[in-house]
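Residue numbers (this note's numbering), protein chains in the order written: chain G, 51 to 376; chain U, 51 to 376.
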């Protein structure tokens, strides 16, 4: 298998109905834009972002695309197209590639996004998928991260901690809790919250997708505006399956709020807008739960009934390297 | 060192004067576009695209950015911004990162491009840099790859084979030929041909950057329009340093035309426009050399004074994998 096989047999069909992609005959796609474009990139590496060997080609593809779509959701952007940077290890074969392309095709149709171009290269390292997504935003209709205000409340969609627990279940480190979807499915197939973010774009002051962990992303959101936050972990929304693990002592609320990979949205909303926001969320079939408030000072304090959580300052997933920081 | 150190100490300054990047506080940049955007992505992997351990952080950064800019050049686009996907191996430290950011800063200023966003992750594998570039194109002013016509001549900028020879010199596989720039420099620091491509946009029918190798990219260019080509390797422009290696039998003309990494531009130009094109090239300080012509049938024939080159059909760099193609 060489890159031409991958292009002609697997990837070209994914760009077929997107004129600017020129059937991937060119290295460059030319977009005729008449409105603002939101752009973002995220890379996932096998063995880092998901356990090596645990995911099918289709699952890897869909998860990589959805992780990127979640960034568009946080900006209230409508998916338009994406570029695909693929680093494939030596033993990759066409069956795997066909499965990968099949996963992309399914989610392209689901989310209305098309392949605009890409680059496929060999690597002696692990599989890595680097996607750049582009979405349309109405002029001034984007949801920035930096406009959080004093007195706003913080509200999160869906449930928190499922994906972190699901990864542990996948790795055989936890017993499997019943659920629909299962916790493993919540890890494998995140649900980018595109609909609700467009619904709340005019109401919310700022938003972020929860990828590093709830506490870390509260800090990222409020810190971008020079603000702090006070949140109640007891109010963090949990699925029944997550509650099962907490009740049995398999995980603490702090664990779930630090775990990451939720791909829920965290909004900073004026307090008076909460009832309307909750209604809009319900119309999108998504729960919206107030978990705390924005404060003037810097730093995030996370409380439970037992008092302030010691993990407030440092929780969350951060890539780090052995080299010194100095 | 963690990803926040990298962001605050190295990368944020690269986005400082680009408003849509929001000082990299957001995962998403929002571009207000009022004209067409050319987008392209290219990934380079240490040990695949360049020899492991042979390049400084600054050289890796500049080469990765220039390889991408070369795609914009092939479309006659003006650099606007880029997204940076970085996969860093465990021992990466802040000194290395500072050198990498310094290389980007230098070329950002040189080419007028700014950092719009990115993602930095840990990898157990080799260093990889995945860049997505965006450029402005005048409406309908782009140079497509697909509009090659019968009777066009094929003309290439600069000289061919230098980078391939330079990599061999770097790897200690060839004696070092004198030159300014040296062959190694030609490999390390490709010169994206942005100026000449804008000069020839209205004159040429199609263009491609020569990255896979001259013969391979003649095939890519003509093939995209369903055409073929007949080229003379004796006419391929060689630097004095490359001529040194050919004269001593260190490399053949076929080797140089198959080697890749030239990042010169190959144009398909109406025959009557050649004198004017050559003048425009000269005004840009770049040589433009006619090496052959477009033919009706498919396939590329490459000739030397010894007859047809047997490598015509298959030359060029193609990423391939061990898995079966079936």
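No residue lacks a Cβ here, since even glycine has one placed at the ideal position from N, Cα and C.
As the structure is a computational prediction, the values presented were derived from the model and not from experiment.
Proximal residues of chain U, C-beta to C-beta of residue i below 9 Å
i: residue 310 (chain G); result: Those do not exist, as residue 310 (chain G) stays about 13 Å from chain U at its closest Cβ, beyond 9 Å.
i: residue 124 (chain G); result: 76, 77, 78
Contacting residues, own chain, Cβ-Cβ under 8 Å from residue i (five flanking each side not counted)
i: residue 162 (chain U); result: 128, 129
i: residue 54 (chain U); result: none
i: residue 286 (chain G); result: 206, 210, 211, 264, 303, 306, 307, 339, 341
i: residue 156 (chain U); result: 108, 112
i: residue 71 (chain U); result: 65, 79, 131, 164, 165, 166, 167
Cβ-based neighbour list, residue i, same chain, cut-off 7 Å, excluding 5 preceding and 5 following
i: residue 251 (chain G); result: 126, 191, 193
i: residue 374 (chain U); result: In this predicted model, residue 374 (chain U) has a pLDDT of only 46, less than 50, meaning its place in the structure is not dependable; the value taken from the coordinates is given anyway. Closer than 7 Å at Cβ, skipping near neighbours: no residue.
i: residue 52 (chain G); result: none
i: residue 376 (chain G); result: Since pLDDT at residue 376 (chain G) reaches only 39, below the 50 mark, its modelled position is unreliable, and the value read off the structure follows with that caveat. Counting only Cβ-Cβ distances below 7 Å, and skipping sequence neighbours, we find nothing.
i: residue 230 (chain U); result: none
i: residue 95 (chain U); result: 176, 178
i: residue 63 (chain G); result: none
i: residue 328 (chain G); result: 338
Residue of the options minimising C-alpha distance to residue i
i: residue 379 (chain G); options: G:113, G:90, G:260, G:97; result: Because residue 379 (chain G) is not part of the residues shown, which for chain G are 51 to 376, the question remains open.
i: residue 275 (chain G); options: G:61, G:263, G:346, G:330; result: G:346
i: residue 175 (chain G); options: G:329, G:140, G:81, G:332; result: G:140
i: residue 316 (chain G); options: G:180, G:242, G:231; result: G:242
i: residue 271 (chain U); options: U:71, U:283, U:98, U:255; result: U:255
i: residue 75 (chain U); options: G:273, G:322, G:319; result: G:273
i: residue 332 (chain U); options: U:268, U:249, U:289; result: U:249
i: residue 213 (chain U); options: U:198, U:228, U:236, U:224; result: U:236
i: residue 123 (chain U); options: U:352, U:195, U:216, U:323; result: U:195
i: residue 314 (chain U); options: U:62, U:268, U:60; result: U:268
i: residue 330 (chain U); options: U:244, U:282, U:69, U:299; result: U:244
i: residue 353 (chain U); options: U:282, U:367, U:321, U:369; result: U:282
i: residue 93 (chain U); options: G:199, G:84, G:168; result: G:168
i: residue 31 (chain G); options: G:91, G:293, G:324, G:284; result: An answer regarding residue 31 (chain G) cannot be provided, because it is not within the stretch 51 to 376 covered by chain G.
i: residue 104 (chain U); options: U:222, U:289, U:296, U:292; result: U:222
i: residue 201 (chain U); options: U:59, U:57, U:324; result: U:324
i: residue 318 (chain U); options: U:253, U:288, U:266, U:297; result: U:253
i: residue 226 (chain U); options: U:198, U:266, U:240, U:290; result: U:290
i: residue 377 (chain U); options: U:312, U:184, U:67; result: With chain U covering only 51 through 376, there is no way to say anything about residue 377 (chain U).
Beta-carbon proximity list for residue i, same chain, < 6 Å, skipping 5 on both sides
i: residue 111 (chain U); result: 150, 153, 154
i: residue 107 (chain G); result: 146, 149, 150
i: residue 348 (chain U); result: 278
i: residue 367 (chain U); result: 262, 263, 310
i: residue 321 (chain U); result: 203
Partner residues on chain U for residue i, Cβ-Cβ distance less than 7 Å
i: residue 91 (chain G); result: 133, 135, 167, 168, 169, 182
i: residue 58 (chain G); result: The contacting residues do not exist; residue 58 (chain G) stays about 11 Å from chain U at best.
i: residue 187 (chain G); result: 80
i: residue 192 (chain G); result: 80
Min CB distance residue i to chain C below 8 Å
i: residue 86 (chain U); result: Absent here is chain C; the protein component of the structure consists of chains G and U.
Residue i: contacting residues in chain U (beta-carbon distance under 8 Å)
i: residue 269 (chain G); result: In chain order: nothing, as chain U lies at least about 10 Å away.
i: residue 370 (chain G); result: 51, 52, 53, 172
i: residue 176 (chain G); result: 173, 174, 175
i: residue 121 (chain G); result: 77, 78
Contact check, residue i vs residue j, beta carbons under 8 Å
i: residue 101 (chain G); j: residue 220 (chain G); result: yes
i: residue 204 (chain U); j: residue 344 (chain U); result: yes
i: residue 88 (chain G); j: residue 350 (chain U); result: no
i: residue 182 (chain U); j: residue 133 (chain G); result: yes
i: residue 258 (chain U); j: residue 336 (chain U); result: no
i: residue 98 (chain G); j: residue 172 (chain U); result: yes
i: residue 180 (chain U); j: residue 299 (chain G); result: no
i: residue 131 (chain U); j: residue 166 (chain U); result: yes
i: residue 369 (chain G); j: residue 69 (chain U); result: no
i: residue 61 (chain G); j: residue 371 (chain U); result: no
i: residue 82 (chain U); j: residue 186 (chain U); result: no
i: residue 144 (chain G); j: residue 59 (chain G); result: yes
Neighbour list for residue i in chain G, Cβ cutoff strictly below 9 Å
i: residue 196 (chain U); result: 72, 73, 75, 76
i: residue 232 (chain U); result: In chain order: nothing, as chain G lies at least about 26 Å away.
Within chain G, the residues that residue i reaches when beta carbons sit closer than 7 Å
i: residue 95 (chain U); result: 137, 171, 173
Per-residue contacts from residue i into chain G (C-beta, under 8 Å)
i: residue 128 (chain U); result: The contacting residues do not exist; residue 128 (chain U) stays about 13 Å from chain G at best.
Distance cut-off 7 Å: residue i Cβ against heavy atoms of the ligand FAD
i: residue 346 (chain U); result: The ligand FAD is not part of the structure shown, which contains no ligands of any sort.
Contacting positions in the stretch 67–84 of chain U - beta carbon closer than 7 Å to chain G = Here the close residues are 72, 75, 76, 77, 78, 79, 80, 81, 82, 83.
Near-chain U residues of the stretch 203–214 of chain G - C-beta to any C-beta below 7 Å = Residues passing the 7 Å Cβ filter: none.
Using a beta-carbon distance cut-off of less than 7 Å, what residues from the stretch 274–292 of chain U approach chain G?
-> Listed in chain order, the positions of the stretch 274–292 of chain U with a beta carbon within less than 7 Å of a beta carbon of chain G are 274.
Got a sec: which bits of the stretch 96–112 of chain G sit with their beta carbon under 7 Å from any beta carbon on chain U, in order along the chain?
-> Those would be 97, 98, in chain order.
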